[in-house]
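In terms of this note's numbering, the sequence shown is residues 151 to 448. Structure first, then comments.
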Amino acid sequence: MMRYFEPDFFEDFHCIAERCRHSCCKGWEIDIDRESLIRYSKINGAIGQKLRNSISTEGEPCFILSEDESCPFLQDNGLCRLIIELGEDSLCEICREHPRFYNYYSGREERGLGLCCEEAVRLLLNRPEPFRIIEYEREGDVIQEDEIVLLRDRILEMLSDESKPLSQRMLSCLELCGAKVFDFDHVFWCRYLLSLERMDETWTTMLKKAVEGDSTFHQGIKARRLAAYFVYRHFAVLSSDYDPASALIFCFLSVAVIMAAGDIDGENPEHIRLYSCEIEYSDENVQLIMDKICKRQK
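Here it is as structure tokens:
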């Protein structure tokens, strides 16, 4: 039997469509799952013909983007023509699920919202209480948890201790994982990120300003929720390929870089979305950062 877990704001997510300043229908490759591809092949009329003319089947099936890298069904008003004419059920899996993510461990499924979406960022930061995980369904006998998940849950518990400053909590968590004293030198790391592949010049500008400016380590609830988010999403996943100490350093380093790049207490913390797009959603960049962390731990 499976147990299911999600952040306390997961069910509150709804795509804000035309109100989104950074549409996920632009600038991203949109792969089409097999079930949707078969369904699209059977749709009649002009919309059906448009669908078939807009799909590339060379390699992984995907939509053919326009010159400005927009989905062929993204209208000028920011709305999706497929939804308008065929309903939300017509969306392919990646469009239907984005920005949701799913991680699977022994006997449990964990899901959450990726911070490449500005609405997901808003939902994460705009709650006045500590980050909380909800277990919303449980059936049958309790299944023995993976040790790494139990360790991750212990870290989340320590991060939720409101009696201590966030910096002290993070240090205690690192000690729990056996990490050496790690200097979150934002200048060094922002310079390192500048050496990695980057997509958006705004991100480049933010990193350069972070290198030149002073960084303040925020202790507020938004920083605490952000730290817990990275642990929830990445710690157990990265620990399967790297040691737990390095995985946790990546999580806390992400918070440090984000705080160096901008003001997380601002109304629209765009740098969080950019970090997610440029780092979290780039397997290559994550691997390069993890390799650098491991070398600095030796």
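All residues carry an ideal CB built from backbone N, CA and C; glycine is no exception.
Taking a cut-off of 8 Å for Cβ pairs, the segment 182-202 and the segment 308-317 do not touch, as fewer than three such pairs fall below it. Taking all protein chains shown into account, Ile205 has 16 or more neighbouring C-beta atoms within 10 Å of its C-beta and is therefore buried. Counting only runs that start and end inside the segment 319-382, the alpha helix (DSSP H) elements of at least 4 residues fall at 336-344, 351-362, 371-380.
Take the alpha-carbon of Arg302 and the one of Glu217: they are about 44 Å apart. Minimum Cα-Cα distance from Leu241 among the listed residues Leu187, Leu403, Leu265 corresponds to Leu187.
The Cβ atoms of Ile414 and Leu357 do not sit closer than 8 Å to each other.
Counting C-beta pairs closer than 8 Å gives three or more between the segment 394-414 and the segment 338-350, which meets the contact rule.
For Gly262, the pairing in a beta bridge is given by DSSP as Phe251.
Secondary structure note for Glu156: its beta strand (DSSP E) is the uninterrupted segment 153-157.
In the DSSP assignment, Gln437 falls within the alpha helix (DSSP H) that extends over 433-447. For Ile408, the enclosing alpha helix (DSSP H) stretches over residues 394-411. Under the three-state reduction of DSSP output, Ser216 falls in the coil class, being neither helix nor strand.
The residues Arg246, in chain order, have a CB closer than 8 Å to that of Glu238 in the same chain once the five nearest residues on each side in sequence are set aside. For Asn435, the closest alpha carbon among the candidates Glu259, Glu347, Cys266 is that of Glu347. In summary, Lys330 is exposed, with fewer than 16 beta-carbon neighbours lying within 10 Å of its beta-carbon over all protein chains present. A distance of 8 Å or more separates the beta carbons of Gly177 and Ser426. In this structure, the beta-carbon distance from Glu268 to Cys170 falls below 8 Å. Taking all protein chains shown into account, Tyr392 has 16 or more neighbouring C-beta atoms within 10 Å of its C-beta and is therefore buried.
When DSSP states are grouped into helix, strand and coil, Glu235 belongs to the helix group. Collapsing the DSSP output to three states places Ser191 in a helix.
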